Structures are given as structure tokens and as C-alpha cells.
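**Q** Below is one structure. I have some questions about it.
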Amino acid sequence: MAKQTRPSEPIRDLIKYLSYTEGRDKIYRITQYTTRFLLWYYGNNKASQFALEKIQNLESTVSNSRKLFRMLRSVEFLQRALDALASTDNTEASLQLIGYLGKSLWLLTDHVVWMHKIKLFDVNIKKWSETSARFWLIGLLALTIKDLYKLQKLSLSLKELKRAGEPVPRQRLESDITKARLQFILDFSDVFIPLAALGYVNKGVGAGGGIIASVIGLYLVWQKTVPCK
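Shown next, in the form of C-alpha cells:
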């Protein structure tokens, strides 16, 4: 009987990661913002029209696909906003409420933009795109401040545990601080995407922020779905 070939451990981990919608979306997101960066870079360096069209087609395809995948995710963000009401920390609750409510409204208005692009109905695309970007910016700024607030709280707790000499909770807190730092960098990097859409920074900066946030997001989802053995 022929020996059955089994995929190696890294391949199995990759297959497991790709089985999650969130995992696949992070890869699409990296592709989307990498192509946006290339469009900005080559557009400013006189690349051939043929190359620009190919990159533009890839960016448009991935971008529209992600909009479809995100359909109704605004409900998830709305639920996270409502979850904030259960928090006993009023500052953190307020920032989470504003943050996820902003992201929920961003996706709702972004759905309208997408429906216009696939010709379901006509809207003022410039107005709706700017409104969507503003909601996203408000949400991301609130979540970035929340990340900093959470980091401060965790750092103070860690100092208290160090003084008390308690090793086990300390190790857990150090891990939480690392995750909170990554989340802060992710949210802060994402801020540059709506800033670019609104014309406050150039498109290259916005795309660069999107790439950084996407890579961190990919890592965080990998840690969650393919835990270290």
C-alpha cells in the first residue's frame, strides 16, 4: 500500500489559517493596499500605461471583492459598540462606543458607494465617499485613543504587580501589553487611509499605512487561529 503523503506542519497551519474568512481577508487587504501603493509610486514615476492599467484592474477587483465580503459586517461593529455599554470604565466605554459606531456607519455608507459602482443605483459618489471616509476617520481616532488609554491602564497594573512580586499575572499582563501595542499601531496606521481619501495626506502615505495595518492584522489573526504549540 502506497505511503500517504501528509502536508508538513507549516502547510497545515497555512491551510487552517486560510479556512477562516478573516484570515483570507487579511491577505486580500495586503494585496489591495500594496497595489494602491504601486499605483501611487508608478503614477509619479511615469510607468507605462499598460502596467498602470494592469495594477489598477487588480486593485479594483480586490477592493470590490472585499466590499462584498464585508457586507453586513456593519452589524458586527454596531454590536461591539453596544457591548461598550456593559463596561464599568466610562472613558473606555465612551471611546469604544464612538469607535465602533463610527466604523459601523463607515461600512453602511461604503455599501452605498459599492452599490453605485456595480450600478444598482446612482448616488453622488463624491459626497458618499467623503462621508464614508469621515465616519471611518472618527471611528479610528476614537479606537486609537482607546488603545492608548488601555495601554496606560495595563502599564500601571504591571508596575503594581512588579512591586508585589507576582510572576504569573505579570507574564499574562506583559502578553496583553504586547497585543495592545500591536492593536494601537494597527489602528493608528489605518488612520492614514481615510486621511488620504479626504486629501489630508497623499495616497502613498494612505496605502503605506494600510499595508502596515494589514500585516499586523494578519499576524494577530494568525496568533488567534493558529496558536503556538
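Quick note on numbering: full-length UniProt numbering labels position 160 of the sequence shown as 160, and the sequence is numbered without any gaps.
All C-beta atoms in this analysis are idealised placements derived from N, C-alpha and C, irrespective of residue type, glycine included.
Predicted model, so just to flag it, every value in this text is computed and none were measured.
When the Cα atoms are used, what is the spatial distance from A213 to G206?
**A** For A213 and G206, the distance between alpha carbons rounds to 11 Å.
**Q** Once you ignore the five residues that flank L108 on each side, which residues in its own chain have a CB closer than 7 Å to its CB?
**A** Closer than 7 Å at Cβ, skipping near neighbours: S74.
**Q** Take the Cβ of F192 as the centre, count every other Cβ of all protein chains shown within 10 Å, and call the residue buried at 16 or more, exposed below.
**A** With at least 16 other beta carbons inside 10 angstroms of its own, F192 counts as buried.
**Q** According to DSSP, simplified to helix, strand and coil, what is L68?
**A** DSSP places L68 in helix when its eight states are reduced to three.
**Q** My guess is that H111 and M71 are in contact by the Cβ rule of under 8 Å, so how many angstroms apart are they, rounded?
**A** A Cβ-Cβ distance of about 7 Å is found for the pair H111 and M71, placing them in contact under the 8 Å criterion.
**Q** If you draw a straight line from the C-alpha of L154 to the C-alpha of A164, how long is it?
**A** 15 Å
**Q** T131 lies in the alpha helix (DSSP H); which residues open and close that run?
**A** Element bounds for T131: I125 to A164.
**Q** Is it right to say A51 is buried, meaning 16 or more other beta carbons lie within 10 angstroms of its own, or is it exposed?
**A** exposed
**Q** Using the beta-carbon count (16 or more within 10 Å), is Q171 buried or exposed?
**A** exposed
**Q** Would you report the Cα separation of G217 and L97, rounded to the nearest angstrom?
**A** Each residue's alpha carbon lies about 21 Å from the other.
**Q** What does the alpha-carbon distance come out to for the pair L95 and L38?
**A** The straight-line gap from Cα to Cα measures roughly 34 Å.
**Q** Please list the terminal residues of the continuous alpha helix (DSSP H) segment that includes L120.
**A** Element bounds for L120: n/a, residue is neither H nor E.
**Q** Just how far apart, CA to CA, sit N44 and N124?
**A** 28 Å
**Q** From which residue to which residue does the alpha helix (DSSP H) around G199 run?
**A** It is not in any alpha helix (DSSP H) - G199 carries neither H nor E in the DSSP assignment.
**Q** Is T31 helix, strand or coil by DSSP?
**A** T31 falls in the helix class under three-state DSSP.
**Q** Roughly how many whole angstroms lie between the Cα atoms of L85 and E9?
**A** 42 Å
**Q** If I follow the unbroken alpha helix (DSSP H) through K16, where does it start and stop?
**A** E9 to L18
**Q** Helix, strand or coil for V75? Go by DSSP, reduced to three states.
**A** helix
**Q** Around the Cβ of F77, are there at least 16 other Cβ atoms within 10 angstroms (buried) or fewer (exposed)?
**A** buried
**Q** DSSP three-state call for S48: helix, strand or coil?
**A** coil
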